[in-house]
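Here the structure is laid out as C-alpha cells; the discussion comes afterwards.
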Amino acid sequence: MKTGHSSRMPEDNSPRRSPQNIPYQDLPHMVNADGQYLFCRYWKPAGTPRALVFIVHGAGEHCGRYDDLAQMLTGLNLFVFAHDHVGHGQSEGDRMVVSDFHIFIRDSLQHIELMKKDHPDLPVFILGHSMGGAISILTACEKPDEFSGMVLISPLVVASPEAATPIKVFAAKVLNLVLPNLTLGAIDPNVVSRNKKEVESYTSDPLVYHGGMKVSFVIQLMNAIAKIERSLPKLTLPVLVLHGSLDKLCDIKGSYLLMDTVQSQDKTLKVYDEAYHALHRELPEVSTAVFQEILTWIGQKVSADGGPSHT
Numbered sequence: 001m002k003t004g005h006s007s008r009m010p011e012d013n014s015p016r017r018s019p020q021n022i023p024y025q026d027l028p029h030m031v032n033a034d035g036q037y038l039f040c041r042y043w044k045p046a047g048t049p050r051a052l053v054f055i056v057h058g059a060g061e062h063c064g065r066y067d068d069l070a071q072m073l074t075g076l077n078l079f080v081f082a083h084d085h086v087g088h089g090q091s092e093g094d095r096m097v098v099s100d101f102h103i104f105i106r107d108s109l110q111h112i113e114l115m116k117k118d119h120p121d122l123p124v125f126i127l128g129h130s131m132g133g134a135i136s137i138l139t140a141c142e143k144p145d146e147f148s149g150m151v152l153i154s155p156l157v158v159a160s161p162e163a164a165t166p167i168k169v170f171a172a173k174v175l176n177l178v179l180p181n182l183t184l185g186a187i188d189p190n191v192v193s194r195n196k197k198e199v200e201s202y203t204s205d206p207l208v209y210h211g212g213m214k215v216s217f218v219i220q221l222m223n224a225i226a227k228i229e230r231s232l233p234k235l236t237l238p239v240l241v242l243h244g245s246l247d248k249l250c251d252i253k254g255s256y257l258l259m260d261t262v263q264s265q266d267k268t269l270k271v272y273d274e275a276y277h278a279l280h281r282e283l284p285e286v287s288t289a290v291f292q293e294i295l296t297w298i299g300q301k302v303s304a305d306g307g308p309s310h311t
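Here the sequence shown is numbered in UniProt numbering, starting from 1 and rising by one per residue.
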C-alpha cells in the first residue's frame, strides 16, 4: 500500500478534490481500499435509530437521487446512508469505469462495516436500484448474516434481450480486448420514467453521467450477471422486489427468476403495470405506492426484529 501512495506525494500539500473541484475535507467521504475518495451521504433520524438502511444507486447516477426516499425512511427512525460508487457522482475514478465489478461490493461492505462500528446492535437493510440491485444481491451473498432484509427496485438480474444475443456478447468480449474504451450507446432518458418532470431532472442533473457506456463496463455488468445467477440459490434473507412491467433497462424476467431461485421463506414481488425503470421517480401514483410499500415492509421487519422501537 505504501508504495502506491508515494506517487501521490506532490498532491499531499493541496487537498484532494472531487470531480466537481470541491475539497473532500468539506464533504462527507470515506477512502476505499484503493485509496480513492468516495462521497458519502447520511440521513439521520430525529429519534433513536431503530435500524440502518444502506442505499445502493444505479449505473451512471448518484446517491443524491434517493433523497426523497431516504427522508421518508428517517420518518420511521431509520438511519439511512449511501455513497457514490467509484467513477460516479462526487466520487473519484474515471467516469463509469471499474476494473472489476467486485470493487462496488467491496466498497459497500466497507461502508456498512463503518456504520456498524458506530451502531453495533442495529439490524441492517440494503436497498438497491438497477445496477445497485445487482450490487445489493452480491453484497448480501458475500455477508449473508449481516442483513435483516433486502429491497430491490428494478434490479439488474438478467441482461436485457437487446444487449445479450450470443453474437453481441462475443463481439463485446473481442472489443474489450482491442478497444475497452469504445463507447456504446448512452441510456435514453425517456425510458427511465414516464414522468416528464423526472426525465427532465435526470437529463439536467450534472452529477448524472450522460455519456455512452464503455465496452469494458458492459463486460463487468455481464460478469456480475453471471455471478448473480450462481449466487441467487444461496440467498435466504427476506426480500422485497419491485418492478415495472414496461421496464426497458432491466428485464422484469430477472425479478421473476430471482423469486423462483432465492431460498428465502419471506419473498415478495410487486409488479407495477405499465411502469418504467425508476419506480421511485415514476408518475406520482406509482412512486407514492412504491414508497409506501417499502416503508411498510421495512417497518414491519424492524418491529419484528425487536430492535429498539422508540416512536
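From the three backbone atoms N, C-alpha and C, an ideal C-beta is built for every residue, glycine too.
Exposed unless 16 or more other CB atoms sit within 10 angstroms - verdict on residue i
i	result
residue 223	exposed
residue 133	buried
residue 61	buried
residue 238	buried
residue 246	exposed
residue 11	Low confidence applies to residue 11: its pLDDT is 49, below 50, so where it sits in the model is not reliable enough to give any reading.
residue 154	buried
residue 230	exposed
residue 298	buried
residue 82	buried
residue 185	exposed
residue 303	exposed
residue 198	buried
residue 379	Beyond the ends of the chain as shown, which are 1 and 311, falls residue 379; an answer cannot be given.
residue 174	exposed
residue 178	exposed
residue 139	buried
Test item: CB-CB of residue i and residue j under 9 Å
i	j	result
residue 124	residue 51	yes
residue 108	residue 135	yes
residue 26	residue 57	no
residue 117	residue 79	no
residue 249	residue 130	yes
residue 254	residue 271	no
residue 127	residue 97	no
residue 68	residue 291	yes
Alpha-carbon spacing of residue i relative to residue j, whole angstroms
i	j	result
residue 296	residue 72	11 Å
residue 215	residue 183	6 Å
residue 313	residue 103	The question about residue 313 has no answer here: the residues shown for the chain are numbered 1 through 311.
residue 59	residue 75	27 Å
residue 285	residue 34	42 Å
residue 48	residue 212	43 Å
residue 187	residue 226	22 Å
residue 148	residue 115	15 Å
residue 89	residue 14	22 Å
residue 208	residue 277	16 Å
residue 194	residue 281	9 Å
residue 28	residue 141	28 Å
residue 146	residue 113	9 Å
residue 16	residue 300	42 Å
residue 307	residue 66	With a pLDDT of 48 at residue 307, under the threshold of 50, the modelled position of that residue is not reliable, and no figure is offered here.
residue 156	residue 23	33 Å
residue 293	residue 259	17 Å
residue 122	residue 77	12 Å
residue 101	residue 93	14 Å
residue 189	residue 196	10 Å
residue 283	residue 201	13 Å
residue 204	residue 30	27 Å
residue 70	residue 228	26 Å
residue 6	residue 210	With a pLDDT of only 41 at residue 6, under 50, the local geometry of the prediction cannot be trusted, and the value read off the model is given with reservation. Going by the C-alpha atoms only, they are around 34 Å apart.
residue 266	residue 232	14 Å
residue 106	residue 275	32 Å
residue 273	residue 206	31 Å
Anticipated Cβ contact below 8 Å, residue i with residue j, distance rounded
i	j	result
residue 241	residue 268	7 Å
residue 264	residue 236	5 Å
residue 54	residue 111	7 Å
residue 95	residue 64	Rounded, the Cβ-Cβ distance is 16 Å, inconsistent with contact.
residue 21	residue 86	Not confirmed; about 18 Å, so no contact.
residue 251	residue 191	The pair is not a contact, with the Cβ atoms about 12 Å apart (cut-off 8 Å).
residue 37	residue 91	7 Å
residue 144	residue 234	7 Å
CB contact below 9 Å: residue i versus chain D
i	result
residue 27	The structure shown contains no chain D, having only a single protein chain.
### Query
Can you give, in chain order, each stretch of the beta strand (DSSP E) that sits fully within the segment 180-256 and has at least 3 residues?
239-244
### Query
Unbroken beta strand (DSSP E) runs of length 3 or more, entirely within the segment 66-118: which are they?
78-83
### Minimum length 3: unbroken beta strand (DSSP E) runs contained in the segment 252-282
267-272
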